[in-house]
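Heads up, the thing below is written out as structure tokens.
There are 2 protein chains.
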Amino acid sequence: MSTQHWKEIVAQKRQQRTESIPKEWILTNLPSQDTLNVIDFPESCGLLTELDIQITNTEVTLLLEKLAQGTWSAVEVTTAFAKRAIIAQQLVNCLTEIFVDKALARAAELDAHLKTTGKVVGPLHGLPISLKDQINVKGVDSTMGYVSWAFKPATKNAVLADILEANGAVLYVKTNIPQTLMWGETFNHVFGRTTNPYNRNLTSGGSSGGEGALVALKGCPIGVGSDIGGSVRIPSAFNGVYGLRGSYGRIPYGGCVNSLEGQDSILSVLGPLSNSIGGLKVFVKSVVDQKPWFVDPLAVRKPWNEEEYQLIEHGKGEKLCFGILWDDGITKPHPPVIRGLEETKKALLAAGHQVVDWKPLNHGEFYKAAGSIWSAAAAEDFRVSSAPTGEPVIETMDLSYEDVDAPPTESIPLFRPNPNGISSYELWQVQRRKRDLRQEYLDHWNATAVVTDTGRPVDAIISPCAAYVAPPHGMNKSAVYTTIWNVLDYVALVVPTGKFVDPVLDAPRPPHEFYSSVDKENYEFYKPETFKDAPITIQVVGRTLEEEAVIGMAEIVDAALKAYSPKL
Amino acid sequence: MSTQHWKEIVAQKRQQRTESIPKEWILTNLPSQDTLNVIDFPESCGLLTELDIQITNTEVTLLLEKLAQGTWSAVEVTTAFAKRAIIAQQLVNCLTEIFVDKALARAAELDAHLKTTGKVVGPLHGLPISLKDQINVKGVDSTMGYVSWAFKPATKNAVLADILEANGAVLYVKTNIPQTLMWGETFNHVFGRTTNPYNRNLTSGGSSGGEGALVALKGCPIGVGSDIGGSVRIPSAFNGVYGLRGSYGRIPYGGCVNSLEGQDSILSVLGPLSNSIGGLKVFVKSVVDQKPWFVDPLAVRKPWNEEEYQLIEHGKGEKLCFGILWDDGITKPHPPVIRGLEETKKALLAAGHQVVDWKPLNHGEFYKAAGSIWSAAAAEDFRVSSAPTGEPVIETMDLSYEDVDAPPTESIPLFRPNPNGISSYELWQVQRRKRDLRQEYLDHWNATAVVTDTGRPVDAIISPCAAYVAPPHGMNKSAVYTTIWNVLDYVALVVPTGKFVDPVLDAPRPPHEFYSSVDKENYEFYKPETFKDAPITIQVVGRTLEEEAVIGMAEIVDAALKAYSPKL
């Protein structure tokens with residue numbers, strides 16, 4: 001037990017963070033807390049130059065070209081994103097660690113290298129990339145929201161951080177998470193809560209909530225999160241950005257800190273968030289091209305497969321058949337979510353693709369299995385991690401909890417650990433059933449070949465990201481729509497539809513026949529004004545280790561959505 | 001609980017097996033049990049025709065050509081191997097299920113197809129393949145040595161059985177295993193013990209002991225075993241045949257029965273045994289070419305990679321650097337095993353390759369971790385599986401145990417389950433440590449780049465298969481030399497050196513400084529006459545999911561051994 005009270009450590013840690021912000025970037029004209037939608041504030045606040053704004057609004061692929069050509073220097077690009085990230089921090093509290101000085105020094109080295117040799121260091125030359133707090137960067141803390149882990153800087157980089165740096169990326173900030181990572185929202189005692197830039201009364205999601213909010217505010221071109229049950233995709237969805245959950249081991253996880261360490265059954269994966277699919281693609285390809293399996297024993301030996309990206313196995317992408325999951329048989333999605341699916345269907349049909357209904361199979365049982373497996377020993381894991389300073393384990397994401405001395409409001413956590421754990425034999429029986437469920441689901445997928453015009457089974461599934469768009473703090477209570485794909489180890493990519501909650505288009509619908517009291521509660525929970533301005537997104541889901549093809553198909557879906565309903 | 005005594009079920013099951021043998025293939029001139037080496041008996045016993053002998057002695061790749069050309073019909077080839085398998089059964093008791101009639105009917109269909117269309121059904125057209133008992137074949141029992149599982153025929157094929165049949169293979173027999181599969185020898189109450197055809201006082205190894213003995217006697221051209229801690233490689237080694245342990249999920253495991261189901265940390269894999277590397281290669285390539293990941297959710301999406309087979313990443317195989325593991329720091333191998341390594345070293349040097357010493361790292365800790373993970377709930381697993389008929393769980397592979405009513409001799413099992421199991425949290429801690437051990441080992445491997453002439457880390461490791469060649473029944477008490485590669489998930493391929501125990505060349509050596517009492521006991525255990533005629537083999541070990549390159553490098557090792565010391 002530490003001799004200091006844990007709140008003293010928190011105070012010191014927050015002080016350290018404040019001091020790490022360049023003084024000249026501290027804003028005095030911040031909007032009041034009543035201003036809910038702050039998405040446009042960075043460009044109007046006066047801190048960013050025209051060039052900063054131009055750089056931070058440039059799509060990743062083009063940005064990399066400009067960096068490689070020397071049109072924009074790495075120092076210019078790093079400065080622009082760092083400034084915008086610091087603005088984001090002051091708006092939605094999305095950062096944990098800030099090391100701009102180091103980043104600018106690195107950027108200057110990259111510029112010198114390009115000038116001297118005429119060559120880029122790698123495919124990400126000069127690109128700032130933000131990392132979720134748990135990804136170790138040498139010399140920087142990875143508290144993961146635990147007070148007990150503060151002031152223990154990492155002694156070396158995670159494998160991914162090394163690879164990104166070798167590829168020329170510039171690391172400059174780490175982003176906020178919930179304590180334990182096992183929540184779909186972002187709050188911890190050390191750094192507080194990350195809010196949603198489209199509506200600060202709403203959650204940014206979690207556990208990669210800091211990344212989701214930062215990418216939405218264009219404080220980074222690519223951010224890296226992790227996803228065990230939706231932790232990349234929930235923040236991508238709630239903040240309206242692109243995000244990829246690849247299969248176990250496709251992106252190297254080695255050298256990160258984590259919860260539930262030693263749990264070998266449903267693995268967390270690292271994955272990118274970005275404002276374009278191009279950002280996701282260049283991230284995956286450039287990381288995989290570094291052959292991470294040579295340095296990380298859990299990284300899968302599968303080189304980037306260009307044929308898979310070209311959709312050779314999917315009829316070259318010329319005519320695809322998508323299966324739309326309208327609801328999972330547990331919770332019917334809210335009107336904006338349904339509108340997102342409907343718009344996607346129309347867009348795909350207009351682009352000449354086929355769309356069929358996707359029937360859910362045992363989604364509830366999958367979710368229960370995931371909960372049983374993670375909770376088998378989670379309570380002990382959390383106790384051990386939080387114990388050294390006596391910090392309590394957080395039991396709700398409710399706002400009321402922020403006064404930790406007040407009795408917490410009743411709240412159903414996303415994931416409630418079994419306080420006593422279970423035996424290894426019981427655990428094996430759940431894991432065995434999970435394996436059988438995966439086989440049944442694959443058979444179910446393959447059986448769709450009879451309903452498609454392509455002769456193939458459905459090429460990809462279009463799925464909601466949750467039964468709702470970004471909900472108010474403390475109200476993200478179910479992750480069935482994301483966790484199902486983790487348990488199946490399917491590749492899932494979040495695509496924003498470009499739509500936002502609209503009180504007219506998304507008026508409440510008449511009650512349906514409820515699956516359960518949970519479904520009924522979810523129905524009653526919906527009021528358009530509660531979800532004002534929240535982005536509407538979908539998931540594109542493909543088979544295990546099919547990252548290339550899912551990226552290729554998501555590009556088709558994205559283009560179809562943009563063509564069907566062009567933005568001004 | 002069954003109303004029948006379990007011994008009655010055993011009697012019925014054995015009767016069924018006897019009746020499944022074609023009467024005309026029952027031999028009356030079997031050698032007496034005093035005849036230890038029966039490896040040449042099949043060709044001298046009089047049952048096989050000249051053609052049968054020619055077919056069963058033909059290397060797999062050539063055999064497939066002759067089948068494809070119609071030189072030999074599938075019926076001829078199936079008949080030859082089936083006869084030889086039945087001879088093998090009468091010599092060493094290697095079979096559990098025999099279905100020759102079905103096989104010949106299938107072979108006749110294949111012949112008709114070839115005649116009618118001029119085309120083969122697939123790359124394994126007409127090739128008989130034997131399967132370890134646990135691999136489900138529709139209509140046939142998979143008892144896995146449990147009395148309780150007898151007379152419960154499988155309702156459908158395992159994924160692999162389907163793929164082999166789609167490739168044109170002919171299934172005709174299943175092979176013997178130890179009860180639970182978690183032994184390095186082969187004995188169970190249902191089918192009894194499989195002995196070693198080179199010396200019937202010695203074990204055939206396990207758990208794929210039936211396969212090892214059958215392949216050695218050329219009763220099949222390719223057999224399929226499974227390997228969680230050495231179960232393909234121990235029988236390959238003890239019976240002097242080639243055998244491959246690929247990485248988790250490279251060969252589809254779906255639809256097999258198994259022990260320790262739901263254990264998701266150190267997975268069992270299926271793998272081929274054969275009399276040539278060509279047999280292993282055609283098996284892996286033809287199975288992977290069927291894209292098993294479309295039908296088995298645990299099969300890895302990694303197509304056959306011809307560039308990896310061509311050793312592009314290993315300098316095109318022109319000059320390789322091998323690391324030789326002389327001993328693992330726990331048990332120093334016996335003289336014949338050391339001679340095998342020495343001969344391999346000389347052969348590789350003569351072929352122009354580099355050879356350095358491979359330093360073991362934490363092999364004992366890896367082995368202990370594997371034991372802790374498997375035993376976390378194994379006792380309960382075994383109890384549940386054996387309970388319905390009241391059959392005891394076997395606790396020793398000693399000969400004395402075959403009279404199950406006599407008190408068993410004291411014997412240390414390979415794998416002793418923890419009778420009470422452990423909690424999930426304890427299990428996670430072991431699994432976490434195992435992950436860290438894997439990282440340390442990979443770093444250790446990569447660090448060898450400084451000692452090679454190639455600029456690369458060591459290309460492959462040459463390792464003993466065990467500290468001894470095939471030992472007497474009940475004496476295979478450690479599997480550290482194989483299990484280490486399972487925990488690391490490295491690809492390991494057994495290559496026979498073509499040498500056998502020789503009382504002069506393999507005379508006992510003076511005592512060394514013993515690592516422990518286990519090492520001392522192992523030293524004292526060695527007498528050349530105990531191991532008379534036992535084959536000498538090595539393992540070629542490569543990185544995770546590097547099946548193609550390991551096959552390519554093993555071909556180089558095999559060719560070097562044959563060139564250095566040509567057989568007459």
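Protein chains in written order, with the UniProt record's numbering: chain S, 1 to 568; chain X, 1 to 568.
By construction, the Cβ of each residue, glycine as well, lies at the ideal position given by its N, Cα and C atoms.
Being a predicted model, the structure only gives us computed values, none of them experimental.
Tell me residue i's beta-bridge partners as DSSP assigns them.
i, result
"GLU97(X)", "LYS174(X)"
"THR195(S)", "THR203(S)"
"PRO492(X)", "A small correction: the amino acid at residue 492(X) is Ala; Pro does not occupy that position in the sequence shown. DSSP lists ARG245(X) and VAL541(X) as partners of ALA492(X)."
Buried or exposed for residue i, please, with buried defined as at least 16 other CB atoms from any protein chain shown within 10 angstroms of its CB.
i, result
"ASP558(X)", "buried"
"THR52(X)", "According to the sequence displayed, residue 52(X) carries Asp and not Thr. With 16 or more other Cβ atoms within 10 Å, it is buried."
"ALA387(X)", "exposed"
"SER424(S)", "buried"
"ALA449(S)", "exposed"
"GLY230(S)", "buried"
"SER130(X)", "buried"
"LEU62(X)", "exposed"
"PRO292(S)", "buried"
"GLN15(S)", "exposed"
"ARG509(X)", "exposed"
"GLN54(S)", "exposed"
"PRO383(X)", "This sequence places Arg at residue 383(X); Pro is not what is there. So ARG383(X) counts as exposed."
"SER517(S)", "exposed"
"ALA166(X)", "exposed"
"LYS359(S)", "exposed"
"THR117(S)", "exposed"
Within its chain, find whatever has a CB closer than 7 angstroms to the CB of residue i; leave out the 5 residues flanking it on each side and keep chain order.
i, result
"ALA554(X)", "ILE277, LEU493, VAL495 and VAL540"
"CYS45(X)", "LEU27, ASN29 and ILE87"
"THR389(X)", "SER2, TRP6, ILE9, VAL147 and SER148"
"GLU307(X)", "none"
"ARG233(X)", "ASP227, GLY243, ARG245, CYS465, THR482, ALA492, VAL494 and GLN539"
Just to confirm the assignment, what range does the beta strand (DSSP E) spanning residue i have?
i, result
"ARG432(X)", "From DSSP, ARG432(X) is part of no beta strand (DSSP E) but of the alpha helix (DSSP H) over 424-446."
"ILE39(X)", "Run containing ILE39(X): none; DSSP gives neither H nor E here."
"ASN357(S)", "Per the sequence shown, the amino acid found at residue 357(S) is Asp instead of Asn. Taken as a continuous stretch (DSSP letters only), the beta strand (DSSP E) holding ASP357(S) covers 354-357."
"PHE322(S)", "321-324"
"VAL269(S)", "269-274"
"LYS132(X)", "128-132"
"ILE222(S)", "222-227"
"residue 572(X)", "Only positions 1 to 568 of chain X appear in the structure, and residue 572(X) is not among them; the question remains open."
Once the 5 residues before and after residue i are set aside, which same chain residues still bring their CB inside 6 angstroms of it?
i, result
"ASN418(X)", "SER375"
"ASN446(X)", "PRO457"
"SER73(X)", "ASP111"
"CYS94(S)", "ALA88, THR175, ASN176, THR194, GLY210, ALA213 and LEU214"
Which residues in the same chain have their Cβ closer than 8 angstroms to the Cβ of residue i, if we skip the five residues on either side of it in sequence?
i, result
"VAL356(X)", "CYS321, PHE322, GLY323, ILE324, THR448, VAL451, THR452 and VAL458"
"TYR564(S)", "GLU343, LYS346, ALA347, ALA350 and ALA351"
Give the interface partners of residue i over in chain A, defined as CB-CB distance under 9 angstroms, in chain order.
i, result
"TRP428(X)", "As a matter of chain content, chain A is missing from the structure shown, whose protein chains are S and X."
Within the continuous alpha helix (DSSP H) that includes residue i, where are the two ends?
i, result
"residue 607(S)", "Absent from the structure is residue 607(S), since the part of chain S shown begins at 1 and ends at 568."
"ALA80(S)", "74-92"
"ASN239(X)", "233-239"
"GLY254(X)", "Neither: GLY254(X) is in no alpha helix (DSSP H) and is coded neither H nor E."
"TYR309(X)", "306-309"
- Query: At a Cβ cut of 8 angstroms, what residues of the stretch 260-293 of chain X count as close to chain S, listed as they run along the chain?
  - Reply: LEU260, GLU261, GLY262, GLN263, ASP264, SER265 and TRP293
- Compile a chain-ordered list of the residues in the stretch 544-556 of chain X whose CB is closer than 8 angstroms to at least one CB of chain S. THR544, LEU545 and GLU546
- Item | Within 9 angstroms of chain X by C-beta, residues of the stretch 242-261 of chain S in sequence order | Answer in chain order: SER247, GLY254, GLY255, LEU260 and GLU261.
- Pull out every residue of the stretch 85-108 of chain X whose Cβ sits closer than 8 angstroms to any Cβ of chain S, in chain order. none
- Query: For the stretch 302-316 of chain X, which residues have a CB atom closer than 7 angstroms to at least one CB atom of chain S, in sequence order?
  - Reply: LYS302
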